[in-house]
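Data block below; observations after.
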Amino acid sequence: MKHCSCLVLAAMLLAFPGLAHAYQTGDLNCDGAINVFDIDPFVLALVDPAGYAAEYPDCDFTLADANHDGDVNVFDIDPFVQLLVGGPSTAACCYPAGSCAVTTEADCDGVWHPEWADCTEAACPQPAPPTAIELAGNALTAYPYFEFVRAFHQSAPIQVALDASRHPEITFPVTADVYICEKKSSGEWGFNPELDDVTSDGPLTVTFPGGTIQANTFQVTGPGELSAAVYQEVTGAYTGLGHGYDMIIDMNQNGVLDAGDFIDGYGREAGLYVCHDTTTGGPLPVTELLYSVGTIFGIPASLPNENIYYPTNIASMGQLPLIVISHGNGHNYQWYDHIGNHMASYGFVVMSHGNNTGPGPASAAYTTCGHTDAFLHLLSGIAGGVMVGHVDTSRIIWIGHSRGGEGVAIAYHYITHGSYNPTYYSPESIVLVDSMLPIDATGPGLANPHEVNYHLWTAAGDSDVHGGASSDGAQTFHIHERATRFRGSTVVQGTGHGWFHDSEGSGAWFTGPCPINESGTHLVQLGIMLPMYKHYAEGNVPGEDYLWRQYERFHPPSVPVGTDPCYVVSQEYRNMGDDGYAFIDDYETQTGTGTSSSGGSVTYDVTNLTEGRLDDNNSDFSWTASDPFNGATQDGASDTGKGVVFDWNGTNRYYEWSVVPELRNFAAWKYLGLRGAQGTRHPYTEATNGILTFTITLRDGANNTSSINTGAYGGGFGMPYARSGGWHNEMRRIRIRTTDFLANGSPLDLGNIVAVRLNFGPAWGTNQGRIVIDELMLDNDLPPFFVPLTMSLSSPAPEFIPPYVPTAIDVEIDEGNDTLLPGSAVMYYRNGAGSWIASSLQQVAGSLWRGVLPAPVCGDRPEYYFVAEGDITGEVYVPATGAAAPFASLVGTFTGILDDNFQSDLGWTVSSAAGMVSGMWTRAVPGGWDDGSPRSDFDGSGRCYVTDNRSGYDVDGGPTHLISPLLDLTGTTDPVVRYAEWITCDDPPPGMDYLDVYLSDDGGVTWIQVDHISPHDDWVVHNIHVADFVSLTATFQVRFTVQDVPNNSFTEAGIDAVTVFDVNCE
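Below, the structure written as structure tokens:
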């Protein structure tokens, strides 16, 4: 019976022509065509598979499985007939990148899935993303043997390391290619995963042998091999710091970032940043001028002057941060050229002002507040108003020197406690307060920076603000201790009070050995100021490295640390972003020696331990056992900061914190930090006579331990300055990545750390020592400002999409410091004016998410927008207008008819009402007037049409019409008119003027109004589907009309970038 059915089938199909396809289902004789010559082979495969295989040895009998159910049987007959008479069937084709298209089997370059009729049913497997890990850094001579860092000097080599013990999924040895590529986000990598190495000799092929991290460390680039240049749109020049790159290990050596590869980067931050020498001046020419603001905002009549530095070409720039400098007593506002010129050459505006320091810092603080307001108030009159619109009042840095250094801290207290109410800025505008060598005359009640980001400079050889034990007012550290959030401190040895400005003739005010003089001071000063100010004012990522990495190991190349022993700098940096830190012990509570401030037990066998206030209790720095906190000048008499001091001598000793249960998951934290210093003039400190080191050990719940010596990273606790035999304690902060404790197969469980131990003595570091310690803490390295959740398209929205197949559109969701709420990432779409339909976005990898537009048909006009919600940011829309102005794609392909940017006269005409004397349409390069007219054309080509191009000449009366040449739309399917328009009017609604748009299909005899556009800011693009309004004739025209009737308002309009095109769809 089966045989009979097949004979009938053969008779039925002899008359049908075939279709040319190659080795696909139905092509049973494998001749590249499906036709009547396949009938007999089909029958043979159906009834005698072995016979078929013998007769057609180059073919597979499964070509007869026409219904794709895995069997060849009678159920394949009807589908086979369909192949003969109707051509090959289509189904979902899944591509390696996870996308889908509807194709025939022959046209599918991926995996064809006949079980899925189209992509709406398909569940194409998504490729696994690459693994984001830290790779770039520097080899160390001691455990953990490698430091993973972000910032590299351009003059330094860059190395890659892979810790084999942390990658059991890899079979070692393994050969791979190491790439350094321009930085891209995960969304950008998803859009274009090709690896393009930027090193001089291409990717580095290495064999990772396995074993220790030392054995798997390789140099990837040499000194000077990578560019450090960073272009900034806001300045139009290379004023940035840190050229961002990603480092990739291409494990399968296919030149594409894909599953199994490793990448350092793959997010908002780059994997590494190459930085130029921050002591060198920037590329921008600088203009300096003196200006008097008078006595406004409470400024004394004797102190009206300001010294201003700004980029000479600021008129062409965006908004730049403002730095305000407040000098000290006996100083002069014109003594800070080195700061003004340096920072302005990198795109800052700098203003130094006369400061009312005579009565004291409290009066100086009012001058800081007032001069900041006065400068902003008078911008239109300074330098001819060139800075108007180019000073960012939301990013202000206050720098103070000496009494001015205390004054800027008091100024912040004033504006947050009602003593001064700023007019042109707010407390949130102050992104950093930076005190250079401040006094502390007013104490914690006034000289208190509170929650503002704060930095302190201290000159260890200062003979003015001398820092001695005899005078609380001359101790710089107090204000730093009162700062409650992000804060940093830089102590510079070998320098004095006067070398922090640039008037050396006024006196260095220096005492002590080994001077670095004014030039050396400025090297250190400017080398730190630039990255620090960019970090706080611009969110510069590598700038943070300059604040906390051990200065002995990471400093601007021009600073001769290591070659000149006089250059000694001690830094500490505390990262205290909201919910981004935790103290194991800050000594502020639980003041007994056996309990930490977090409530855990403390045990020790170090000697001479005392817990108490960080305040030297007598008037000198001579060591005596009755003053255990000798040299500690961190706190004044009215401050309450505490710590602990102890020592050891030639014997191994320890000090250990038990970690409370709620803090034991160290895997949730990026850094472990410990603050401390050597005790001045103690016999053990004098015996050390240099950097002091010890070992930090973590212990988990199973008694596994891992230890890192503080000297592994190139530093430790520094030697106090040798002034008078030893000066005040110089606090540093040792900051270690928690994952460093896992190197080389450490069994440590970071998720359950029960103790942190400090090990001292000959087996663990320096043989002897006397130290003060404070603030054992964890932090997550958050930026010093809130970074909101953002969303953007990975590539421009498609203007045209194909019919009958779904279209995938990728968006990038960067959580910043926020958290994306589950289920909130959604694409909304509709066809034309239909109802909006929600479709959840699917996470592809990292920050890359994907939405899918359902398959459209010809004539559809899909619109869509995206939304995601951050826990703090709230809802974010792309485009920003959401449903009010969504993305729109056209279904089909483009055929151009008119493309006019108005650089040439293509036949447009202007017709205006009799008697109009201003505001008629004219083709011109916009004058950039501040009168509501376009400041420039839309597309950047130069010309556009505007309503008059004379300053102050708007539309009076009218109407005035701008009319296109005749266009032939016969034979078109769905022609579209696209244009950019500008319309402003100073009348309030509803009496304002409008821009009206008309179409004509009879050469202007009759006109149909299609748009009535109300005033708004900036250029806006519109699309008009012509067939919705008029017939498609050979005499088509478009007209733009504006009028001011009655003539009672100031009205300006513009038209640019008019294109007419057809959308072809089959």
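Per our numbering, the very first residue in the sequence shown carries number 74; after that it's consecutive. Even glycine gets a Cβ: it sits at the ideal position worked out from N, Cα and C. None of these values were measured; they are calculated from a predicted model.
Under 7 Å, do I206 and F291 count as touching if we go by C-beta distance? no
Would you call the segment 882-900 and the segment 913-928 touching, i.e. three or more CB-CB distances under 8 Å? yes
Exercise. How would you label I253, buried or exposed, when you count the other beta carbons within 10 angstroms and need 16 or more for buried?
Worked result: With 16 or more other Cβ atoms within 10 Å, it is buried.
*If you run the structure through DSSP and keep just helix, strand and coil, what is R558?*
coil
* To do: Can you tell me which of A987, V1050, G1015 puts its alpha carbon nearest to the alpha carbon of G1031?
  => It is A987 whose Cα lies nearest to the Cα of G1031.
Where does Q1110 fall in DSSP's three states?
-> Reduced to three states, the DSSP call for Q1110 is strand.
Practice problem: With DSSP as the reference, label D113 as helix, strand or coil. | Solution: helix
Check V147 in the structure and name its three-state DSSP category.
DSSP places V147 in helix when its eight states are reduced to three.
Margin query: Applying the 10 Å Cβ sphere with the 16-neighbour rule, what's the burial state of D319?
Written below: buried
State the DSSP-derived secondary structure class of F1102, mapped to helix, strand or coil.
coil
* Asked: Taking three-plus beta-carbon pairs below 8 Å as touching, is the segment 426-435 in contact with the segment 515-531?
  -> yes
key: Through-space distance from R1023 to P1062, alpha-carbon basis   = 26 Å
| Which stretch, first to last residue, makes up the alpha helix (DSSP H) that contains R923? | In this chain, R923 is not harboured by any alpha helix (DSSP H); it is covered by the beta strand (DSSP E) spanning 921-926.
When the Cα of G653 is compared with those of F739, A288, H574, which residue comes out closest?
F739
Cα separation between Y1052 and D1021?
-> Answer to the nearest angstrom: the Cα atoms are 19 Å apart.
Below 8 Å on the Cβ atoms is my contact criterion, and I expect V506 with P522 to pass it. Report the Cβ-Cβ distance as a whole number of Å.
5 Å
- [ ] For the alpha helix (DSSP H) holding I488, just list the boundary residues, first then last.
- [x] 476-489
- prompt: Which one of A1100, T244, D973 has the shortest CA to CA distance from G932?
  reply: A1100
Check your understanding: Any idea if N1121 is buried or exposed, counting beta-carbon neighbours within 10 angstroms, 16 or more meaning buried?
Key -> exposed
Measuring only from the beta carbon, is P282 closer than 6 Å to any heavy atom that is part of the ligand NAD? No copy of the ligand NAD appears in this structure; indeed no ligand is present at all.
With a threshold of 6 Å on Cβ separation, who are the neighbours of Y624 within its own chain once the five nearest residues in sequence on each side are excluded?
V642, Q644
Inset, instruction - Grab the span of the alpha helix (DSSP H) containing K607 for me, first residue to last. - result: 590-611
Problem - Cα-Cα separation between E242 and F281, rounded to whole angstroms - result: 14 Å
Original post:
Is the segment 387-402 close to the segment 553-566, with three or more CB pairs under 8 Å?
Top reply: no
Three CB pairs or more closer than 8 Å across the segment 222-241 and the segment 324-332
no
* To do: Answer yes or no: do L855 and N613 have a C-beta to C-beta separation smaller than 7 Å?
  => no
Q: Hey, could you find the ends of the alpha helix (DSSP H) D410 is sitting in?
A: 410-417
Reduced DSSP category for S962 - H, G, I as helix; E, B as strand; rest coil: coil
**Prompt:** Are the beta-carbon atoms of M416 and H463 separated by less than 7 Å?
**Reply:** no
(message) Applying the 10 Å Cβ sphere with the 16-neighbour rule, what's the burial state of Q326?
(response) Counting every other CB atom within 10 Å of its CB across the protein chains shown gives Q326 a total below 16, marking it as exposed.
Checklist entry - Given a threshold of 16 other Cβ atoms within 10 Å of its Cβ, counted over all protein chains shown, does G1127 qualify as buried or as exposed? => result buried
Practice problem: Report buried or exposed for D151, applying the criterion of at least 16 other Cβ atoms within 10 angstroms of its Cβ. | Solution: exposed
Problem set entry | 8 Å contact criterion, which H316 and Y346 should meet: CB distance rounded | 7 Å
For this session: Verify whether the separation of the beta carbon atoms of N777 and P820 is less than 7 Å.
Result: yes
Next item on the list: Could you check how far apart the C-beta atoms of N681 and F719 are, in whole angstroms? I think they sit under 8 Å.
Entry: The C-beta separation of N681 from F719 comes to about 6 Å, placing the pair in contact by the 8 Å criterion.
*asked:* Considering only DSSP beta bridges, list what K715 is partnered with.
replied: R686
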